[in-house]
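Report on the following structure.
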Amino acid sequence: MQLKPNAYRLNETVKGVETMTRFALAVLALASGVYTYLGVRGLLDGSASFVFFAAIIYSAAVSVAIYAFWSFMLRFVPLVTSGVQRVGLFVTMAIGCVMIMAMSSWLNAAALAGSAATEQHMAVTLQGYAEDLDQAHSNALAAQSLLPDVQRAAERFAGLAADERESGALTGTTGSGSVVQLLTQMGTQMNQLAATITGSRDEVALQFEQGSARLATMRELVSTPGAVEPRADSFQTEAVQLSAIIAALQQTGVAASVKRASADLSAGFIAPVADGGSADLANRQDQVMETVRASVAAQSAALSTAADEILATPAVEQRRFVPLSSAEAVLRYWQDFIPSWAGAISIDLLPVVLVLVLMIVNDAMRQESESLEAAENITAAEMLRAMALFRQMEAAGIDVASGQPRPLVVPEPQPTAEPAPAQPAETAATATETPASEAVVTPIDAAQRTRARGDGPRPA
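Start counting the sequence shown at 0; every next residue gets the next number (numbering that gives the first Met the number 0).
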């Protein structure tokens with residue numbers, strides 16, 4: 000190929016960087032193999048020797064495959080000029096890139112960001128457990144909102160009983176009769192219900208304190224530097240204990256107990272028999288007890304409705320911590336580790352840039368050069384045969400360029416020579432008087448005279 004100056008410089012530069020290209024490709028393949036080894040080692044189970052040799056073999060296979068694939072692409076893609084063939088090579092290169100990412104890139108990412116991804120998984124799980132503990136604590140304390148209503152009802156019944164005993168505010172007759180006994184009974188039941196709600200508060204606080212301590216330990220495990228595997232095991236143990244505390248908190252809630260107690264107020268209402276000395280007093284006592292029954296029924300309905308609202312709150316679902324390998328964690332939380340993924344993929348696919356550069360440079364050299372590919376590859380024997388054929392074609396009267404016989408050229412008739420004009424007398428005399436020694440003798444005439452005399456060499 001006859002190269003122009005610029006194309007010649009490009010060709011020389013490509014030859015100059017060929018060694019550097021091979022060296023760079025080898026280094027990239029080796030780096031990918033090393034990180035693949037680190038990534039695949041965390042996925043294998045078995046003895047230490049088995050894991051070591053299996054990871055070494057896999058990483059070596061990956062390095063050889065990457066080096067061989069990109070060597071083929073660097074060799075062939077720049078030389079192909081046909082559009083269809085080049086598209087086919089590009090499709091092949093795309094398939095190879097996908098296969099390289101499938102067998103190496105995600106393991107490289109696991110090696111680069113595996114520990115951080117595992118810690119991310121632990122942190123996300125910790126946040127979920129913290130939310131579950133808060134929700135269970137809130138559900139357990141929701142029944143505490145009923146305590147003011149229960150205490151107020153108990154105080155109201157106790158106050159009515161005192162008023163009836165001292166001034167006969169309800170029946171018009173002082174003393175401790177059936178009405179006072181009923182009101183005192185309702186007040187006592189309300190105080191018992193209030194005591195139940197209040198007693199659960201201490202137990203809820205204790206369990207929440209234990210859960211908070213477990214969360215603090217889990218936070219330390221997430222943030223403590225060092226190997227992530229033992230920390231993940233300890234984290235899982237703490238997560239199990241915390242799940243038990245959350246379940247206990249949900250069982251500590253007294254909303255269901257308040258609902259049952261409020262239903263018993265109305266369903267289990269037992270009114271004493273009127274004990275008035277006169278029929279009029281007995282009648283008044285019966286009327287007051289009916290009023291108390293209606294009041295108790297209304298209070299029971301209100302407490303039941305409030306308890307139903309608390310019970311309608313969704314219960315906390317049991318959460319379970321599932322340990323993940325570094326590779327699985329990188330795949331699950333890939334959005335948080337995009338820079339690591341970019342570096343892992345770039346190690347494997349950086350030769351794409353080299354392939355494109357060589358393709359562009361070779362296209363530029365082809366555009367700036369004159370095509371003499373046959374002359375670049377001809378041998379000496381082929382050159383001699385071509386020259387002999389050329390002479391034969393010339394002798395046979397064949398046009399070399401077209402390969403057709405040359406047309407015969409008929410010579411044009413020469414005009415008849417006219418007699419020479421008479422020379423002047425002086426010229427003729429001069430020519431006659433010229434001595435023989437001054438006559439011009441050509442080499443051909445000298446040779447002919449020599450042969451005529453027989454002095455020269457005779458032909459064999």
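All residues carry an ideal CB built from backbone N, CA and C; glycine is no exception.
Contact test: residue i Cβ vs the ligand ZN heavy atom, cutoff 7 Å
i           : result
residue 291 : Absence of the ligand ZN is noted for the structure shown, with no ligands found whatsoever.
Proximity winner among the options, relative to residue i (alpha-carbon distances)
i           : options               : result
residue 360 : 61, 42, 33 and 78     : 78
residue 307 : 259, 296, 88 and 328  : 259
residue 60  : 39, 395, 143 and 206  : 39
residue 9   : 403, 23, 386 and 366  : 366
residue 302 : 256, 282 and 327      : 256
residue 212 : 379, 322, 337 and 244 : 244
residue 75  : 358, 385 and 322      : 358
residue 198 : 225, 146 and 229      : 146
residue 200 : 228, 253, 165 and 151 : 253
residue 122 : 144, 289, 322 and 288 : 322
residue 238 : 25, 98 and 125        : 125
residue 150 : 208, 194 and 392      : 194
residue 227 : 114, 13, 83 and 45    : 114
residue 26  : 341, 5 and 69         : 69
residue 21  : 67, 53 and 46         : 67
residue 196 : 157, 261, 235 and 13  : 261
residue 31  : 99, 53 and 16         : 99
residue 326 : 319, 336 and 318      : 336
residue 324 : 44, 11, 29 and 7      : 44
residue 24  : 51, 386, 62 and 41    : 62
residue 295 : 236, 156 and 52       : 156
residue 300 : 47, 148, 158 and 101  : 148
Enclosing alpha helix (DSSP H) for residue i [first to last residue]
i           : result
residue 397 : Residue 397 -> no alpha helix (DSSP H), and no H or E assigned at all.
residue 133 : 105-140
residue 66  : 47-75
residue 233 : 227-251
residue 357 : 350-366
Sequence-distant residues of its chain with Cβ nearer than 7 Å to residue i (five each side left out)
i           : result
residue 160 : 179, 182, 183 and 186
residue 153 : 186, 189, 190 and 193
residue 143 : 196 and 200
residue 404 : 396 and 397
residue 50  : 40 and 43
residue 7   : none
Per-residue DSSP class, three states only, for residue i
i           : result
residue 404 : strand
residue 80  : coil
residue 180 : helix
residue 210 : helix
residue 219 : helix
residue 323 : coil
residue 224 : coil
residue 93  : helix
residue 298 : helix
residue 12  : helix
residue 388 : helix
residue 316 : coil
residue 43  : coil
residue 378 : coil
residue 260 : helix
residue 311 : coil
residue 332 : coil
residue 425 : Per-residue confidence for residue 425 stands at a pLDDT of 44, beneath the threshold of 50, marking its modelled position as unreliable; no derived number is given.
Proximal residues to residue i (C-beta, below 6 Å), its chain only, five neighbours per side dropped
i           : result
residue 72  : 92 and 354
residue 348 : 96
residue 110 : 34, 37 and 38
residue 134 : 315
residue 230 : 220
residue 319 : none
residue 312 : 138
Residues near residue i by beta carbon distance below 8 Å, same chain, minus five either side
i           : result
residue 57  : 35, 36 and 39
residue 314 : 138 and 249
residue 435 : With a pLDDT of 41 at residue 435, under the threshold of 50, the modelled position of that residue is not reliable, and the figure given next carries that caveat. If we look at residue 435 and ignore the five residues flanking it on each side, it has no Cβ neighbours.
residue 241 : 128, 132, 210, 213, 214 and 217
residue 29  : 62
C-beta neighbour in chain C for residue i, strict 8 Å
i           : result
residue 230 : As a matter of chain content, chain C is missing from the structure shown, which is built from one protein chain.
ask   = Is it a yes or a no for the segment 324-332 touching the segment 75-92, going by three-plus beta-carbon pairs under 8 Å?
value = Judged by Cβ distances under 8 Å, the segment 324-332 makes no contact with the segment 75-92, as fewer than three pairs qualify.
query = Hey, is the segment 242-254 in contact with the segment 123-140, meaning 3+ C-beta pairs nearer than 8 Å?
reply = Short answer: they touch.
request  = For the segment 94-106 and the segment 31-45, state whether three or more C-beta atom pairs, one from each stretch, are separated by less than 8 Å.
outcome  = These segments touch.
Segment contact, 8 Å Cβ cut-off, at least three pairs: the segment 112-120 with the segment 221-232 = Touching, yes, given that three or more Cβ pairs across the two stretches are closer than 8 Å.
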